[in-house]
Ligand code: NAI
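Numbering (this note's numbering), first residue to last: -17 to 318.
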């Protein structure tokens, strides 16, 4: 039976429960660690064959060098995105990296719809009002989603799923992706240039990966081209959006609603209970003051099905590597 010793970083109880269940019959030795992986905590993986990491773990070259020097051979990500990994450095160091693609596109797509409906109908405000005995409707006016134009940036696994849901609402869905999907075209989605998408959409949802090319895809220039009152949803990665530019857009009214599940500087905040400490991020604090901004703390993936699939694929990645077989979900550096 295969058995690898695995340092599991950023472990929460729900991670350990799902990984233990998936590991039954595989017999890997899981070392559960609460801290995030950083240059300071990399030494905790000493004596392990593999490291298991999540979205806010640091997998830059300095950390990878320390891991490789201590004998780690494999990095298994409990995520689909791998923008936090220096894949070129990993390749150079002989470290194999594997991820969990498409573990539940429904989880993320459905969360987007949740943000859209809540923002549009001000459900977050209505919830508090009714609890306070305030039944006034003033300020809660929404709009019909039916007939609105929704722009989907990136029609990969999640974007396609989201597009289907919005088609179901009777929206006109437009999309931009260097690799258009026939499945999307088949459901009536029209591909347009990204500039056109930003100019014509009432709701824009980001589903492309974070790369040097997509960093600050939504910047001040782009905000200026968007429809007045546009709704912007980002459940992909924080750095797709220049937050200061969007704050200016919210102040001027150009951005009418903002729904975020990710934030550029989330690494020091998200997934932790910080309710007892003073928030030091002034940009994030400013975002929290707007009534038309709804932020969730990177929870779009967080469904029972997704956690089960993440754990199952992670353990399969470990076992496949240990058997010396080719890893289907291996992450390799881009060509060139
Ligand atoms: P995917 O790899 O299936 O699809 C990404 C799509 O984006 C591809 O079709 C690709 O061609 C397209 N793309 C690349 N560059 C583009 C550009 N410049 N403009 C437009 N499209 C572009 O990825 P998947 O599984 O759909 O995930 C998308 C992103 O969602 C991930 O990269 C990850 O960052 C994020 N995510 C967030 C989660 C959360 O809990 N908030 C959970 C899972 C993923």
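Each residue gets a CB set at the ideal place from its N, CA and C atoms; glycine is no exception. Note that the structure is a prediction, hence the values are computed from the model and not measured.
Kindly list the residues whose CB is nearer than 7 Å to the CB of residue i, restricted to its own chain and excluding five residues on each side of it in sequence; keep chain order.
{"i": "residue -15", "result": "9, 10 and 11"}
{"i": "residue 298", "result": "none"}
Roughly how many angstroms lie between the CA atoms of residue i and residue j, to the nearest whole one?
{"i": "residue 213", "j": "residue 288", "result": "27 Å"}
{"i": "residue -2", "j": "residue 130", "result": "42 Å"}
{"i": "residue 45", "j": "residue 139", "result": "30 Å"}
{"i": "residue 178", "j": "residue 75", "result": "42 Å"}
{"i": "residue 114", "j": "residue 142", "result": "40 Å"}
{"i": "residue 188", "j": "residue 197", "result": "12 Å"}
{"i": "residue 107", "j": "residue 273", "result": "8 Å"}
{"i": "residue 119", "j": "residue 57", "result": "52 Å"}
{"i": "residue 148", "j": "residue 52", "result": "48 Å"}
{"i": "residue 1", "j": "residue 294", "result": "7 Å"}
{"i": "residue 314", "j": "residue 307", "result": "16 Å"}
{"i": "residue 232", "j": "residue 174", "result": "26 Å"}
{"i": "residue 342", "j": "residue 282", "result": "Within the shown structure, residues of the chain are numbered from -17 to 318, placing residue 342 beyond reach of any answer."}
{"i": "residue 156", "j": "residue 186", "result": "10 Å"}
{"i": "residue 65", "j": "residue 195", "result": "12 Å"}
{"i": "residue 338", "j": "residue 27", "result": "Residue 338 is absent from the structure shown; the chain starts at -17 and stops at 318."}
{"i": "residue 310", "j": "residue 211", "result": "43 Å"}
{"i": "residue 37", "j": "residue 250", "result": "12 Å"}
{"i": "residue 317", "j": "residue 69", "result": "12 Å"}
{"i": "residue -8", "j": "residue 17", "result": "5 Å"}
{"i": "residue 23", "j": "residue 125", "result": "49 Å"}
Measure how close the beta-carbons of residue i and residue j come, nearest whole angstrom, since I'm counting them as under 8 Å.
{"i": "residue 219", "j": "residue 63", "result": "6 Å"}
{"i": "residue -12", "j": "residue 15", "result": "Incorrect: roughly 10 Å between the Cβ atoms, too far for contact."}
{"i": "residue 59", "j": "residue 81", "result": "4 Å"}
Quick one: what does DSSP say residue i is sitting in, helix, strand or coil?
{"i": "residue 157", "result": "strand"}
{"i": "residue 72", "result": "helix"}
{"i": "residue 35", "result": "strand"}
{"i": "residue 299", "result": "helix"}
{"i": "residue 116", "result": "coil"}
{"i": "residue 182", "result": "helix"}
{"i": "residue 43", "result": "helix"}
{"i": "residue 172", "result": "strand"}
{"i": "residue 11", "result": "strand"}
{"i": "residue 80", "result": "strand"}
{"i": "residue -11", "result": "strand"}
{"i": "residue 314", "result": "coil"}
{"i": "residue 200", "result": "strand"}
{"i": "residue 131", "result": "strand"}
{"i": "residue 187", "result": "strand"}
Using a Cβ-Cβ distance cut-off of 9 Å, determine whether residue i contacts chain C.
{"i": "residue 27", "result": "Absence of chain C from the displayed structure is noted, only one protein chain being present."}
Enumerate in chain order the residues of its own chain whose CB-to-CB distance from residue i is below 6 Å, with the five nearest sequence positions on each side excluded.
{"i": "residue 241", "result": "97, 101, 215 and 276"}
{"i": "residue 358", "result": "Residue 358 is absent from the structure shown; the chain starts at -17 and stops at 318."}
Output needed for residue i: all residues of its chain with C-beta closer than 8 Å, excluding positions within five of it in sequence on either side, in chain order.
{"i": "residue -17", "result": "Bear in mind that a pLDDT of 48 at residue -17, under 50, signals an unreliable position, so the model cannot answer this."}
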